[in-house]
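Trainee:
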Amino acid sequence: MLLQTIPLICSIFLMFMFPFLAHPLSMGLTILSLTILLAVMLGSFMTNLWISYILIMVLLGGLLVIFIYVSLLASNELFNKNDLLKPLIFFLGFLLTLGLMDIFNMPSNSLSSMFSSIKFQGMEWLYPLYSSELCNITIFLILYLLVTLIVVVSITKNDFSSLRTFH
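If you count the sequence shown from 1, position 120 lands on 120 in the UniProt record's numbering, and the numbers rise without skipping.
1. Exposed or buried, F45, counting other C-beta atoms within 10 Å across all chains shown (16 or more means buried)?
2. What are the start and end residues of the alpha helix (DSSP H) that includes L59?
3. Closer than 7 angstroms by C-beta to I31: which residues in its own chain qualify, once you throw out the five before and the five after it? Chain order, please.
4. Nearest to L25 by CA position, among I89, L73, A39 and F13, is which residue?
5. Quick test of your reading: L36 and I6, contact by CB under 8 angstroms. State the CB separation rounded to the nearest angstrom.
6. Verify whether the separation of the beta carbon atoms of F90 and G28 is less than 8 angstroms.
7. Distance, Cα to Cα, L49 vs L42?
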């Protein structure tokens with residue numbers, strides 16, 4: 001039970017801290033951390049880990065592209081650690097209040113029962129997605145993603161693109 005609540009508390013903390021971040025690299029690191037925590041939580045709920053692995057790979061690819069553009073556009077500003085102190089204190093107060101409410105109102109095994117009810121038994125919930133009725137939509141989405149990938153690769157390979165060349 002503790003291994004399931006720690007990623008949940010960490011992801012709530014990171015989601016709460018995100019609006020207070022001003023530096024693009026700290027925002028990217030927060031999104032990366034949230035992606036990894038989400039994949040850990042998904043992996044603990046499911047019997048197969050391939051969906052969480054695909055989620056990490058897709059979001060890391062997107063973060064890599066965003067990081068390249070941000071590194072080109074953002075100036076070399078310093079990272080100020082003192083900006084995180086106010087949201088951290090506010091969030092710790094929120095957690096303390098939530099913990100006190102939990103002690104007085106909620107039974108001790110309710111969080112455990114919530115996580116056990118979410119546990120997926122197999123991949124039966126995924127089968128309707130690839131049914132014969134939705135086959136055309138699925139093929140369209142796959143082709144759309146393939147064309148988008150080809151366009152992005154052709155834009156980045158162009159010598160006159162906005163991306164910096166690394167020799």
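Yeah, the Cβ is synthetic: ideal placement off N, Cα and C, and Gly gets one too.
Mentor: Inspection of the coordinates gives the following:
1. Residue environment: F45 is assigned as exposed (fewer than 16 neighbouring CB atoms within 10 Å of its CB, all protein chains considered).
2. For L59, the enclosing alpha helix (DSSP H) has its first and last residue at W50 to L73.
3. Sequence-distant Cβ neighbours of I31 in its own chain, meaning closer than 7 angstroms and more than five residues away, are L63.
4. Checked all of I89, L73, A39 and F13; the closest Cα to L25 is L73.
5. A small correction: the amino acid at residue 36 is Ile; Leu does not occupy that position in the sequence shown. Contact doesn't hold; Cβ gap of about 13 angstroms is too wide.
6. For F90 and G28, no; Cβs fall outside 8 angstroms.
7. Roughly 8 angstroms between the two C-alpha positions.
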